[in-house]
Structure formats: C-alpha cells, structure tokens
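Colleague: Heads up, the first sequence is in the numbering used here, so the first residue is 138 and it goes up one at a time.
Below you'll find the structure I mean.
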Amino acid sequence: MRISNLFTKTSKNIPSDEVSKNAQLLMRAGFVHKVMAGVYAYAPLGLRVLEKIKQIVREEMDSVGGQELIMSSLQKKETWETTGRWDDKAVDIWFKSKLKDGTEVGFAWSHEEAIIEMLKQYLESYKDLPMNVYQFQNKFRNELRSKSGIIRGREFVMKDMYSCSLDEEQHDKFYDDTIKAYNRVFERLGIGSDTYMTFASGGAFTQFSHEFQTICEAGEDTIYIHRQKNIAINEEVMDDASLANLGIKREELEKVKSAEVGNIFNFGTKKSEDMNFAYTNKEGKKQFVFLGSYGIGITRLMGVIVEKFSDEKGLVWPANIAPFKVYLVRIGGEAAVVSADKLYDELTGAGIEVIYDDREAHPGQKFADSELMGIPYRVTVSDRMLETNEYELVERRDGQKMLLTHDQLLAKLN
RNA sequence: CGGGGUGUGGCGCAGUUGAUAGCGCGCUCGGUUUGGGACCGAGAGGCCGAAGGUUUAAGUCCUUUCACCCCGACCA
138 MRISNLFTKT SKNIPSDEVS KNAQLLMRAG FVHKVMAGVY AYAPLGLRVL EKIKQIVREE
198 MDSVGGQELI MSSLQKKETW ETTGRWDDKA VDIWFKSKLK DGTEVGFAWS HEEAIIEMLK
258 QYLESYKDLP MNVYQFQNKF RNELRSKSGI IRGREFVMKD MYSCSLDEEQ HDKFYDDTIK
318 AYNRVFERLG IGSDTYMTFA SGGAFTQFSH EFQTICEAGE DTIYIHRQKN IAINEEVMDD
378 ASLANLGIKR EELEKVKSAE VGNIFNFGTK KSEDMNFAYT NKEGKKQFVF LGSYGIGITR
438 LMGVIVEKFS DEKGLVWPAN IAPFKVYLVR IGGEAAVVSA DKLYDELTGA GIEVIYDDRE
498 AHPGQKFADS ELMGIPYRVT VSDRMLETNE YELVERRDGQ KMLLTHDQLL AKLN
C-alpha cells in the first residue's frame, strides 16, 4: 500500500472529546473514526489489525473443533422471553426497535438464547453431538455511560462460541481444550505473559466462571494474581472461602488492574432445561444438552494491546497483528524514487506486507508517522544510503537501528 | 441515572462591558526546500450545536432542548 493512496491520514491534533489513550492514538494514526460515544468505525489500517486478531482467534477455535457461522444482529422478542431476558428490568442494556407492523425486535447484545434456539432445531440425536459453533459478531449494548475508547463500546465485535455436549465429561474436555486454545490466542497476540485465567463469579451451576484478564492500567477490573500458579482471582469473589477452595493464600497474591478480554461459562444443563434443548439418547430417552459459552472481545483486545504497548511516539503493534510489517521511507530525489519503488515491488512480491511512504514530505514527518502507526520495521531508502548501497532498518519496539545490505535486509524481513 | 463541565471552518482553540468572526494544524495554487513533524507568497473553507426569546444590534444575555466529555453507580 502506498501512503499516497491510503484512505486516512495521521493527525497532530488530538480530538478533545476523546480521553482514552487507545482511541486517541488510534484516531490520530488513522486507524479508527469516532462516530459517537462508544461507537467507532474502523478505517483500512484498523480493519487490518482487527482481521489479524480475528484470524488468530479463528485458527485456534477451528483447532478445537469449532465451526464458524454468523447469526443475525436483529433478534426476536420471543427468543428472549423464554428465559425472561427480554425484560428491560432483567437486561438493562437492550437496544430495541419495531418492525413496520409493530412487531418488537432487539439488537443483539448477546447471542446465547438466539443461537440455542437455532441449534435445538438441528441437534436432536446423540449422533448430532458434540457440536461447537462460533461467530464474530457485532454486539450492541446500550450502556448508560460509555468510556475507555474501544475497550468498552456500545457497539463492538466479539467472538462467541457455544459448545453442545452429550454429558458432563464431554463438556469438561471441551472446556479444558478451549482454555488451552485461549492461552494460545493470547500468546500469539503478544499478551500471553500478562493474561491470567481468573476465577470470577459463577452463577447457578458452578461456583466460578473463568475470565481471561490482561494486566492493563486502563482496565476496569481489579484482580489478584498468583504468578507461580499462573492463576488469578477477581476482586468480586475474593474471600477466605474462595481462597481456600483454590488452595491459595492471600499473601501470595498481587493486586493489579486488568481488562477482561475473554470469558468462559459452563451452563451445565440449566440453560438447555430453560429452553428445552434436549436430544434423544441411545435408549430413546430425552437428555438435556450440556452447554458452554466462550467469548473473546475482539475490538477490546485491540484497545488493550494499544494501551499496553504504545509509547510517547505512538502505537506499537506486536508483529503478528501489525497492519503492515514494514514501513518503507523514501528520502531524496530521482535515484531514491527508483530504488524505493524497486524495493517496494520486490518486498511485496515476496509476500511481505509493506506500507510505502511515497509522499513528497519531509523525512521527519515520515519517521514520525511510521512511529505513530506502530509498524514493526522501518526501512529507509535515501540518497545517502544509496552511496553505500545499504538500507537502514529500525525496529519500532526498541528503536534498534542497523545498516543492512540488500540480501541481509531480505533475510531479516522474511 | 446522580453530580460537574464543554459545544465557534475537517481537527485543536481564542473571541473583553452585546457592535465587521479570528488564530494554529490540515487543505488548494506558485516557489524554495529534503535524515526528525520545513519556509515564503497567494487562496478556499463558518446559519458560532438546535429552537425560541430580550435588544436598534446576540458567538456573547435569558429559556428550552440536543450532543459530547469527566467523576460516581452499573456492566463483556
């Protein structure tokens, strides 16, 4: 991609109505556009990051046997009445509207009831189970107050997976597999060591649910982490009984601010009983399906990663999710243009994602933009470099600079 | 939903006791520049959030309303 063709531009002015660091930087760098409080559009650069995060999540969900589908954003009132969750008193963040004929509809804040309603039509026999499906979907939540930029929006993208199992044993196996898959996701996103499986309030069927919390100052949760055991407990459920249950001591824990990036629930058969989701077993008897639900906040993850890795110069993307791998800076006259054009073609031809600053701008502006955008590698082609037949490579994360020959550069970037 | 604040070119802001709407960034054109957000010159772009009111006269005063932000409560 040539910057002269790129849709958005960087800006020096910080929007005054946006306070969160993640949204400020993403807006300045041209990754997101604020539509209204808690509602953000994703420009090409931002979308590239989102898609990369999604692809990592997709691969890991597929690896445990998840099948991707997509539900609708509009939902029926009847779907939610079966569990009493249509009522605004039960769920206070509904966006609702009406069809022309007056029929009430809701904008999906969750897909639990909706997807189960669909699944139960297809999963009738023990032969149909287990079945695990997931989607990437926009969720709409009418929050009283929206804050923290894209970490907490009124409209956001979430991956939600649902598992349908024959029995508890099958369910537990999948639940554990998914925990491992989640750990791989966070590892690949570069936040593995700061992300803790966290015990949180459970609900009717289990004492605890599990949250995946990433240490982050901009987060809205407080958790207590146990570094040796690599687990954590949410402040909400931290009491002597819970600690004893988990076999950990209060003095071994460290209090940190965190953001909930993932969340898994064991519904047992509670929800399938509520919604009459049952299958027929080998003996011809009706059995309720064991259900689990597994979320990952895609847009929230993007915000958390921005908060964690950015510095005074701007964004810093982990290599796996950077919108481009290389920011190619061109400085100088005719010879530099020819040389940079050639290198751009060569790198992109080799499958390396390059954003090429082909603008007639000053070097300082190009360097500053490469840093603001957080592209992992900056390669400079200039008249000065051409004299020695070298390329300058600078790593965004630590500013480390090296001068490389053509072959060394390609070897480094491949 | 309680408390506080802010709405003025695309963005950031100034605008005094009410009297010709201004600056910076960005944008356009011309020229000079090219290793850390350049400079000179010439331009374009605004029903001052909206609706009512007071006044000879309203960005400025009054009323209503909408939006946004902050603190709290709530929540993935």
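Where a beta carbon is used, it is the ideal one built from N, C-alpha and C, also for glycine.
This one's a predicted model, so the numbers in the text were calculated from it and none came from an experiment.
Would you call the CB atoms of P181 and M138 closer than 9 Å?
Modeller: As a first step, residue 181 is located in the first sequence; it is residue number 44 there, counting from the start. As a first step, residue 138 is located in the first sequence; it is residue number 1 there, counting from the start. Yes, the pair counts as a contact, with Cβ atoms nearer than the cut-off.
Colleague: Using only the alpha-carbon positions, how far apart do I151 and G290 sit?
Modeller: What you label residue 151 is simply residue 14 of the first sequence in a count that begins at 1. What you label residue 290 is simply residue 153 of the first sequence in a count that begins at 1. Looking at the two C-alpha atoms, the distance is approximately 19 Å.
Colleague: Based on the DSSP output, what are the partners of H363 in its beta bridges?
Modeller: Start at 1 with the first residue of the first sequence, and residue 363 comes out as number 226. DSSP, once it has assigned bridges, lists I368 as partnering H363.
Colleague: Need the endpoints of the beta strand (DSSP E) that A396 sits in, please.
Modeller: Position 259 of the first sequence, counted from the start, is the residue given in the question as residue 396. A396 -> beta strand (DSSP E) spans 391-405.
Colleague: Between the Cα of S476 and those of I433, R521, G451, spot the shortest distance and give me the residue it belongs to.
Modeller: Position 339 of the first sequence holds residue 476. Among I433, R521, G451, the Cα nearest to that of S476 is on R521.
Colleague: Do T351 and V441 count as a contact pair if the criterion is CB distance below 9 Å?
Modeller: Here residue 441 is taken as the residue at index 304 of the first sequence, counted from 1. Here residue 351 is taken as the residue at index 214 of the first sequence, counted from 1. Yes, Cβ-Cβ distance for V441 and T351 is below 9 Å.
Colleague: R139 by DSSP, collapsed to three states: which one?
Modeller: Locating residue 139 in the first sequence gives position 2, counting from the first residue. Looking at R139 - three-state DSSP - the assignment turns out to be strand.
Colleague: Across which residues does DSSP place K235 in a beta bridge pair?
Modeller: As a working note, residue 235 is residue 98 in the first sequence. In DSSP, K235 forms a bridge with E241.
Colleague: Express the C-alpha separation of V228 and L211 in angstroms, rounding to a whole number.
Modeller: Locating residue 211 in the first sequence gives position 74, counting from the first residue. Locating residue 228 in the first sequence gives position 91, counting from the first residue. Looking at the two C-alpha atoms, the distance is approximately 16 Å.
Colleague: Where in the region 183-241 do unbroken runs of the alpha helix (DSSP H), each at least 4 residues long, occur, reported from the N-terminal end onward?
Modeller: Within the region 183-241, the complete alpha helix (DSSP H) runs of at least 4 residues are 214-218.
Colleague: With 16 other CB atoms within 10 Å as the buried threshold, where does G432 fall?
Modeller: Numbered from 1 along the first sequence, position 295 holds the residue referred to as residue 432. G432 is buried by the Cβ-count criterion.
Colleague: Identify the continuous alpha helix (DSSP H) that holds S382 and give its terminal residues.
Modeller: As a first step, residue 382 must be located in the first sequence, where it is residue number 245. It should be pointed out that residue 382 corresponds to Asn in this sequence rather than to Ser. Run containing N382: 377-383, per the alpha helix (DSSP H) assignment.
Colleague: K284 to I492, Cα distance in whole Å?
Modeller: Here residue 284 refers to the residue found at position 147 when the first sequence is read from its first residue. Here residue 492 refers to the residue found at position 355 when the first sequence is read from its first residue. C-alpha separation (whole angstroms): 32 Å.
Colleague: In the DSSP assignment, find the beta strand (DSSP E) that holds T335 and state where it starts and stops.
Modeller: Your numbering for residue 335 matches position 198 in the first sequence. 332-338 is the extent of the beta strand (DSSP E) around T335.
Colleague: Could you check what DSSP says for F446 in three-state terms: helix, strand or coil?
Modeller: Taking the first sequence and counting its residues from 1, the one referred to as residue 446 is at position 309. Helix, per DSSP.
Colleague: From which residue to which residue does the beta strand (DSSP E) around I489 run?
Modeller: Along the first sequence, read from residue 1 onward, the residue named residue 489 stands at position 352. Neither: I489 is in no beta strand (DSSP E) and is coded neither H nor E.
Colleague: Pull up the distance between the alpha-carbon of G312 and that of N142, whole angstroms please.
Modeller: Taking the first residue of the first sequence as 1, we reach residue 312 at position 175. Taking the first residue of the first sequence as 1, we reach residue 142 at position 5. It should be noted that the sequence gives Tyr, not Gly, for residue 312. Rounded to whole angstroms, Y312 to N142 spans 46 Å at the Cα level.
Colleague: Could you tell me which of D448, H543, F277, I316 sits nearest to N400, measuring between CA atoms?
Modeller: Here the question's residue 400 lines up with position 263 in the first sequence. Closest option to N400, Cα to Cα, is I316.
Colleague: Can you give the Cα-Cα distance for V156 and Q192, rounded to whole angstroms?
Modeller: The sequence position of residue 156 within the first sequence is 19, counting from 1. The sequence position of residue 192 within the first sequence is 55, counting from 1. One C-alpha to the other measures close to 30 Å.
Colleague: Tell me where the alpha helix (DSSP H) around D110 begins and ends.
Modeller: Outside the shown range of the chain (138 to 551) lies residue 110, about which nothing can therefore be said.
Colleague: Spell out a yes or no on whether the region 376-391 and the region 407-416 are touching, meaning 3 or more CB-CB pairs, one atom from each, closer than 8 Å.
Modeller: As far as the Cβ criterion goes, the region 376-391 does not touch the region 407-416, which means the pair count is below three.
Colleague: Three or more beta-carbon pairs under 8 Å between the region 479-496 and the region 444-455, yes or no?
Modeller: At 8 Å Cβ cutoff, the stretches do not touch.
Colleague: Give the single residue among T436, K462, L256 whose Cα lies nearest to the Cα of L266.
Modeller: On the first sequence, position 129 is the one that residue 266 refers to. Answer by Cα proximity: L256.
Colleague: Where are the alpha helix (DSSP H) runs, 4 residues long or more, that stay fully inside the region 416-478, in chain order?
Modeller: Segments of the alpha helix (DSSP H) lying fully in the region 416-478: 435-446.
Colleague: Less than 9 Å between the beta carbons of V398 and G434, yes or no?
Modeller: Residue 398 sits at position 261 when you count from the first residue of the first sequence. Residue 434 sits at position 297 when you count from the first residue of the first sequence. Cβ atoms of V398 and G434: closer than 9 Å.
Colleague: For A378, count neighbouring C-beta atoms within 10 Å of its own C-beta (all shown protein chains included) and say buried if the count is 16 or more, exposed if not.
Modeller: The residue you call residue 378 lines up with position 241 of the first sequence. A378 is exposed by the Cβ-count criterion.
Colleague: How long is the line joining the alpha carbons of S302 and D309, rounded to whole angstroms?
Modeller: The residue you call residue 302 lines up with position 165 of the first sequence. The residue you call residue 309 lines up with position 172 of the first sequence. Whole-angstrom Cα-Cα distance: 9 Å.
Colleague: Can you tell me which of M375, E391, A381, T359 puts its alpha carbon nearest to the alpha carbon of Q365?
Modeller: Position 228 of the first sequence, counted from the first residue, corresponds to residue 365. When each option's Cα is compared against that of Q365, the closest is E391.
Colleague: Identify, in the order they occur along the chain, each residue of the same chain with its Cβ nearer than 8 Å to the Cβ of T240, setting aside the five sequence neighbours on each side.
Modeller: Against the first sequence, residue 240 aligns to sequence position 103. Correct list, in chain order: K214.
Colleague: Along the chain, where does the alpha helix (DSSP H) that runs through L162 open and close?
Modeller: Walking along the first sequence from the start, residue 162 turns up at place 25. 158-165 is the extent of the alpha helix (DSSP H) around L162.
Colleague: Applying the criterion that 16 or more other CB atoms from any shown protein chain within 10 Å of the CB defines a buried residue, is M173 buried or exposed?
Modeller: For this step, residue 173 is matched to residue 36 along the first sequence. It is exposed - the Cβ of M173 has fewer than 16 other Cβ atoms within 10 Å.
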